[in-house]
């Protein structure tokens, strides 16, 4: 693991796991509202920080505005999973 696991400061706190072994974590630096989302695959040394909260990260990932090499969620042929919810407008846009 590239960073320590909490309760140590500055560690990764996993909050979601994928079937391919990748994790989405918080980087526990500072106050919880300021934690950065980190996409990490323990099968390699590679991890990607994303300076945003979990909901914004997941929405960006599922709408394909955010790409991450760590998890490989979509193939090129996959449809946009949020295309059916075209009326959804997150508060942060």
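Residue numbers (my numbering): 2 to 94. C-beta: ideal position from N, C-alpha, C; glycine also. As the structure is a prediction and not an experimental result, all values here were calculated from the model.
Coil, strand or helix - residue i by DSSP
| i | result |
| --- | --- |
| residue 19 | coil |
| residue 38 | strand |
| residue 43 | coil |
| residue 57 | helix |
Cα-Cα separation, residue i to residue j
| i | j | result |
| --- | --- | --- |
| residue 60 | residue 40 | 14 Å |
| residue 21 | residue 30 | 27 Å |
| residue 26 | residue 38 | 6 Å |
| residue 42 | residue 14 | 13 Å |
| residue 63 | residue 46 | 24 Å |
Whole-number beta carbon distance between residue j and residue i, since they are thought to touch under 8 Å
| i | j | result |
| --- | --- | --- |
| residue 1 | residue 50 | Residue numbering for the chain in the displayed model covers 2 to 94; residue 1 lies beyond these limits and cannot be assessed. |
Spatially closest choice to residue i from the options, by CA coordinates
| i | options | result |
| --- | --- | --- |
| residue 70 | 11, 23 and 36 | 23 |
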